[in-house]
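In terms of the working numbering, the sequence shown opens at residue 4 and continues consecutively.
Report on the structure given below.
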Amino acid sequence: MSPSDDLTKTTDEVIDRFNLAFRERDATLLEEIIAPDCVMESIQPAPDGTRYEGYDASLSSWKALIDDTTSHFEVEDVHTGDEWALIRWRYVWGPGHTDSVRGVNVMRVVDGKIVEAAGYSKTAPTVAALEG
4 MSPSDDLTKT
14 TDEVIDRFNL
24 AFRERDATLL
34 EEIIAPDCVM
44 ESIQPAPDGT
54 RYEGYDASLS
64 SWKALIDDTT
74 SHFEVEDVHT
84 GDEWALIRWR
94 YVWGPGHTDS
104 VRGVNVMRVV
114 DGKIVEAAGY
124 SKTAPTVAAL
134 EG
């Protein structure tokens, strides 16, 4: 164990690692930053999305998005505070501009772990890639 292992990650560090997991398509990067009682809400199905409760459910949902090689997220902007973060993104599932949707994730980080995550999009298209 290195000295940094026992230090709590900051919100910036957690969100950087979260985004890196999607950019590198490596769900293992999420394993140490999800709280046991994490609550995550996806954008689908409209109007309320799907609610995932607990570590396993949250990790499984994010892993499915990371493992889907037909789509990807492009992070447009990130804002972080003490416990809260806002990630503005574009979800792309095809070659054309209309084959994407813009949205945000509102994330809450406590003691170096994601405890809340809610996704919202400008539109909620019914796309096979989003239903996974």
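C-beta atoms are modelled at their ideal positions from N, C-alpha and C, and glycine is treated no differently.
Would you call G122 buried or exposed, if buried means 16 or more other Cβ atoms sit within 10 Å of its Cβ?
What you label residue 122 is simply residue 119 of the sequence shown in a count that begins at 1. Flag for G122 reads buried.
Reference F76, options Y58, A49, V107, closest by Cα: Here residue 76 corresponds to residue number 73 of the sequence shown, with the count starting at 1. Here the closest residue by C-alpha is V107.
Taking G97 as the reference, give the member of H82, A120, T73 with the closest Cα.
The sequence position of residue 97 within the sequence shown is 94, counting from 1. Nearest option by C-alpha distance: T73.
Here's a check: name, in chain order, each residue in its chain whose Cβ is nearer than 8 Å to the Cβ of T11, leaving out the five neighbours to either side. As a first step, residue 11 must be located in the sequence shown, where it is residue number 8. Closer than 8 Å at the Cβ level, and outside the excluded window around T11, lie D114, G115.
*Compute the Euclidean distance between the alpha carbons of A67 and S61, then round it to the nearest angstrom.*
Within the sequence shown, the letter at position 64 stands for residue 67. Within the sequence shown, the letter at position 58 stands for residue 61. The straight-line gap from Cα to Cα measures roughly 10 Å.
Give me the Cα-Cα distance between E86 and D102, rounded to the nearest whole angstrom.
Here residue 86 corresponds to residue number 83 of the sequence shown, with the count starting at 1. Here residue 102 corresponds to residue number 99 of the sequence shown, with the count starting at 1. Rounded to the nearest angstrom, the two C-alpha atoms are 33 Å apart.
By the 10 Å Cβ neighbour count, where 16 or more other Cβ atoms means buried, how is L23 classified, buried or exposed? As a working mapping, residue 23 is identified with position 20 in the sequence shown. Classification for L23: exposed.
Q | Spatial distance of F25 from V17 (CA atoms) | A | The count along the sequence shown starts at 1 and reaches residue 25 at position 22. The count along the sequence shown starts at 1 and reaches residue 17 at position 14. The alpha-carbon atoms of F25 and V17 are separated by roughly 13 Å.
>> Can you tell me whether K120 is buried or exposed? The criterion is at least 16 other CB atoms within 10 Å of its CB, across all chains shown.
In response: Stepping through the sequence shown from its first residue, residue 120 is reached at position 117. Residue identity check: residue 120 is Ala in the sequence provided, not Lys. That one is buried.
What is the DSSP secondary structure of E34, counted as helix, strand or coil?
-> Against the sequence shown, residue 34 aligns to sequence position 31. Coil, per DSSP.
Check your understanding: Looking at the structure shown, is T101 part of a helix, part of a strand, or coil, going by DSSP?
Key -> Taking the sequence shown and counting its residues from 1, one reaches residue 101 at position 98. In this structure, T101 counts as coil in the three-state DSSP scheme.
At the level of alpha carbons, what is the spacing between M4 and D71?
In the sequence shown, residue 4 corresponds to position 1, counting from 1. In the sequence shown, residue 71 corresponds to position 68, counting from 1. No answer about M4 holds up, because its pLDDT of 37 lies below 50 and its placement is not dependable.
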